[in-house]
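A.B. asks:
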Amino acid sequence: MRGSYRDPRVPHHLLSKPGGDIPWQNHHPFQPTRHNYIHVPQPRHPLLPLPTTSPRDIGDVSLPNLLHKDAKGYLMNLPPQNRCRAVLTAINLFLFKHDSRDPIEKLLSLADEFLLGIKGDKLSSCVELLNLDEIATFLAGLSSLENRLTLFDALFSCARRDPNQSVAQSREVVLCRLVSLAVCAPYPSILELSAYIMQDQSDTAKSIARSLYHDYFQLLPSASKPLEVVYQHSTSFAAQLLIAYTKLYPIFQANIHSAMSMSPGCLSPINQPPMPLISMIATWMNKRPDLCHIRAPHIPESLPLLHQRSSVTQIQNTPLTGIIAWTTLAPLLQGLRTSTHNTSGTESDELDFYSQIHVNMLSAVHQYKSNSVTKGIQCISSEDLSTVVANLIGLAGFVGIAQPGSEHFTLLHDSIDRIAQSIQMCLFADLLHLSRDHLASIAATLPRNSLLDIVIEHHTHNWN
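Per UniProt numbering, the sequence shown starts with residue 1, numbered consecutively.
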């Protein structure tokens with residue numbers, strides 16, 4: 001019966017090859033050879049590839065099959081891990097070929113269905129998690145940043161022109177889950193790639209920020225540690241996340257308040273960050289004060305990205321504007337709670353967190369001036385500064401402390417002191433470009449403040 005024995009350790013394609021030989025030098029009597037093995041053909045899908053272990057080999061063997069009309073049937077016969085690697089490798093091979101877009105569109109459609117589950121049958125939670133982990137591993141294994149960024153953009157850019165809006169929304173949901181996995185695992189390369197998309201697509205950045213707060217603070221508050229230390233794995237991602245949070249929770253926006261005042265019954269325009277979030281950001285700024293001026297990562301112009309990038313601006317996208325807005329408006333929150341009789345034991349802690357952020361921001365900007373070799377690149381515009389001042393006046397009026405003699409009027413001067421300190425330090429570090437006259441016109445809308453007057457008087461750099 002020895003001739004009918006088949007050792008399961010031997011790859012099928014090695015034994016079935018006509019005239020083939022087994023690559024063992026010393027054959028055991030019960031190890032099959034071409035002399036003692038009776039080949040019985042095994043049923044398989046006609047496009048099933050030979051077993052391999054290398055992601056690149058899988059892609060090379062699978063490429064003709066993925067472009068075949070029965071590509072879906074071929075993929076359904078692969079294990080999930082090989083299926084994911086085959087599609088990713090094929091997409092990566094075609095992204096830098098400019099002769100035709102048809103193969104890329106077909107491969108991306110397969111990725112949407114079999115890897116991301118945003119088309120066709122919905123993937124189970126287990127399969128989706130396995131796919132996301134395989135995607136993260138595959139991207140981390142690519143040696144070139146250009147390759148990683150181009151493939152990541154092709155799969156997850158929510159700026160792609162999806163004819164179905166629900167598909168675009170589903171893509172964004174899957175991206176948020178991948179980023180959440182990258183925070184927990186962690187996958188620093190995925191965090192870095194996410195920072196590129198976040199700086200280019202602000203709506204996607206807000207969705208990621210909202211999703212991470214839900215996952216790590218609301219869903220399971222005791223497991224928030226990975227998000228609290230994410231700056232250790234990627235400072236550019238932490239900076240983009242900080243920008244997104246300052247936009248999600250601006251504390252107060254004067255233009256929105258004006259619109260609400262014309263619509264009776266509207267909710268309060270106050271939108272301040274939750275206490276756990278502001279506590280985490282205060283910790284970030286204590287550990288890495290330079291997060292406030294870390295610039296968005298540069299996307300090389302030569303990359304064949306599949307979506308139209310946003311227009312280039314001369315203002316660097318950093319968290320600085322949002323942090324200045326937060327720390328400037330924060331003192332008025334004390335007056336807001338007093339006027340609404342809404343006080344709690346955590347109020348002093350919250351104000352202390354804002355104070356820590358403010359002090360660390362000033363220190364980081366001063367340090368930036370000492371270490372910077374790049375001059376003349378501003379991180380906050382005069383329009384941004386005007387908006388902060390308008391919101392300050394609007395919030396003071398909303399709280400009822402805008403007039404001298406009103407209760408807690410000193411809180412308004414605390415806020416003006418903070419914005420004066422921020423302006424002075426940003427002018428010193430060349431992060432804010434405006435003339436003395438322009439600065440004076442912006443400050444004219446505020447109550448007179450001795451510190452702000454000194455800043456204006458000593459401002460000598462006349463930017464056009």
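Note that the Cβ used here is the ideal one computed from N, Cα and C, for glycine as well.
Let me make sure I understand the geometry here. Which of 409, 138, 423 and 95 has the alpha-carbon closest to that of residue 83?
C.D. replies: Measuring from the Cα of residue 83, the nearest candidate turns out to be 138.
A.B. asks: Measure from the alpha carbon of residue 127 to the alpha carbon of each residue in 356, 174 and 151, then state which is nearest.
C.D. replies: The shortest C-alpha separation from residue 127 is found at 174.
A.B. asks: Based on the DSSP output, what are the partners of residue 271 in its beta bridges?
C.D. replies: Answer by DSSP bridge pairing, in chain order: 251.
A.B. asks: For my contact list, residue 335 and residue 281 are in at a C-beta cut-off of 8 Å; report their separation, rounded to the angstrom.
C.D. replies: Contact flag wrong, Cβ pair sits at about 23 Å.
A.B. asks: Run through DSSP, which three-state label would residue 380 get?
C.D. replies: If DSSP states are grouped into helix, strand and coil, residue 380 belongs with the strands.
A.B. asks: Where do the N-terminal and C-terminal ends of the alpha helix (DSSP H) with residue 140 fall, by residue?
C.D. replies: Residue 140 -> alpha helix (DSSP H) spans 125 to 141.
A.B. asks: Which whole-angstrom value is the C-beta distance of residue 186 and residue 130, which I expect to be below 8 Å?
C.D. replies: Going by Cβ atoms, the distance from residue 186 to residue 130 rounds to 18 Å, so no, they are not a contact pair.
A.B. asks: Roughly how many angstroms lie between the CA atoms of residue 76 and residue 390, to the nearest whole one?
C.D. replies: One C-alpha to the other measures close to 58 Å.
A.B. asks: Is it buried or exposed, residue 92, if we count other Cβ atoms within 10 angstroms and call 16 or more buried?
C.D. replies: When all chains shown are included, residue 92 counts as buried.
A.B. asks: Spatial neighbours of residue 445 within its chain, please: C-beta separation below 8 Å, excluding the five flanking residues on both sides.
C.D. replies: Counting only Cβ-Cβ distances below 8 Å, and skipping sequence neighbours, we find 389, 390 and 393.
A.B. asks: Kindly list the residues whose CB is nearer than 8 Å to the CB of residue 457, restricted to its own chain and excluding five residues on each side of it in sequence; keep chain order.
C.D. replies: The answer is none, since no qualifying residue turns up.
A.B. asks: Any idea if residue 237 is buried or exposed, counting beta-carbon neighbours within 10 angstroms, 16 or more meaning buried?
C.D. replies: It is buried - the Cβ of residue 237 has at least 16 other Cβ atoms within 10 Å.
A.B. asks: Is the CB-CB distance between residue 207 and residue 332 below 8 Å?
C.D. replies: Their beta carbons are not under 8 Å apart, which means residue 207 does not touch residue 332 by this criterion.
A.B. asks: Please confirm whether residue 147 has its beta-carbon closer than 8 Å to some beta-carbon of chain E.
C.D. replies: The structure shown contains no chain E; it is built from a single protein chain.
A.B. asks: Nearest CA to the CA of residue 204: which residue from 247, 189 and 219?
C.D. replies: Comparing Cα-Cα distances from residue 204 to each of 247, 189 and 219, the minimum goes to 247.
A.B. asks: If distances are taken between C-alpha atoms only, which option among 275, 142, 152 and 368 comes closest to residue 213?
C.D. replies: Closest option to residue 213, Cα to Cα, is 275.
A.B. asks: Determine the DSSP secondary structure at residue 41, reduced to helix, strand or coil.
C.D. replies: Here the model assigns residue 41 a pLDDT of 39, short of 50, so the residue's position is not dependable and the matter cannot be decided.
A.B. asks: Thinking just about the alpha-carbon of each residue, which of 87, 352 and 420 is nearest to the one in residue 134?
C.D. replies: Minimum Cα distance to residue 134 is reached at 87.
A.B. asks: Note down, in chain order, each residue of its chain lying with its Cβ closer than 7 Å to the Cβ of residue 451, except the 5 sequence neighbours on either side.
C.D. replies: So the list reads 417 and 420, once near-sequence residues are dropped.
A.B. asks: Who are the near neighbours of residue 146 in its chain, counting only those whose CB is closer than 7 Å to its CB and skipping five residues on each side?
C.D. replies: Closer than 7 Å at Cβ, skipping near neighbours: 300 and 303.
A.B. asks: Under 7 Å Cβ to Cβ from residue 152, same chain only, skipping five residues before and after it: list those, please.
C.D. replies: These residues qualify, in order along the chain: 139 and 193.
A.B. asks: Could you name the residues that DSSP lists as bridge partners for residue 432?
C.D. replies: Its beta-bridge partners are 380.
A.B. asks: Helix, strand or coil: how does DSSP classify residue 183 here?
C.D. replies: Correct three-state label for residue 183: helix.
A.B. asks: Just to confirm, is the Cβ distance from residue 107 to residue 78 under 8 Å?
C.D. replies: No, the pair does not count as a contact, with Cβ atoms beyond the cut-off.
A.B. asks: Between which residues of its own chain and residue 288 is the CB-CB distance below 8 Å, once the five residues before and five after are set aside?
C.D. replies: Excluding residues within five positions, the ones whose Cβ falls inside 8 Å are 231, 235 and 238.
A.B. asks: Tell me the DSSP secondary structure of residue 399 in three-state form.
C.D. replies: The answer is helix: DSSP assigns residue 399 an H, G or I state.
A.B. asks: Leaving out five residues on either side along the sequence, give the residues of the same chain with a beta carbon under 6 Å from the beta carbon of residue 354.
C.D. replies: If we look at residue 354 and ignore the five residues flanking it on each side, its Cβ neighbours are 327 and 330.
A.B. asks: Using CA coordinates, which residue listed in 325, 228 and 125 is at the minimum distance from residue 286?
C.D. replies: It is 228.
A.B. asks: Count the other C-beta atoms from every protein chain shown that fall within 10 angstroms of the C-beta of residue 360, then say buried if there are 16 or more, exposed otherwise.
C.D. replies: Buried is the call here.
A.B. asks: Please work out which residues of its chain come closer than 6 Å, Cβ to Cβ, to residue 46, disregarding the five sequence neighbours upstream and downstream, and give them in chain order.
C.D. replies: Low per-residue confidence applies at residue 46: pLDDT is 36, beneath 50, and the placement is therefore not dependable, though the value from the model is reported in the following sentence. Contacts found: none.
A.B. asks: Could you spell out where the alpha helix (DSSP H) holding residue 85 opens and where it closes?
C.D. replies: Segment 80 to 94, the alpha helix (DSSP H) holding residue 85.
A.B. asks: Please check the pair residue 180 and residue 211, which I expect to be a contact at CB under 8 Å, by giving their CB distance rounded to whole angstroms.
C.D. replies: Going by Cβ atoms, the distance from residue 180 to residue 211 rounds to 6 Å, so yes, they are a contact pair.
A.B. asks: My assumption, with CB atoms under 8 Å, is that residue 270 sits in contact with residue 252. Please give the rounded CB distance.
C.D. replies: Contact flag correct, Cβ pair sits at about 6 Å.
A.B. asks: Report the rounded CA-to-CA distance for residue 73 versus residue 367, giving the unit in angstroms.
C.D. replies: Near 59 Å, if we compare the C-alpha coordinates of residue 367 and residue 73.
A.B. asks: Below 8 Å between beta carbons: does that hold for residue 291 and residue 233?
C.D. replies: No.
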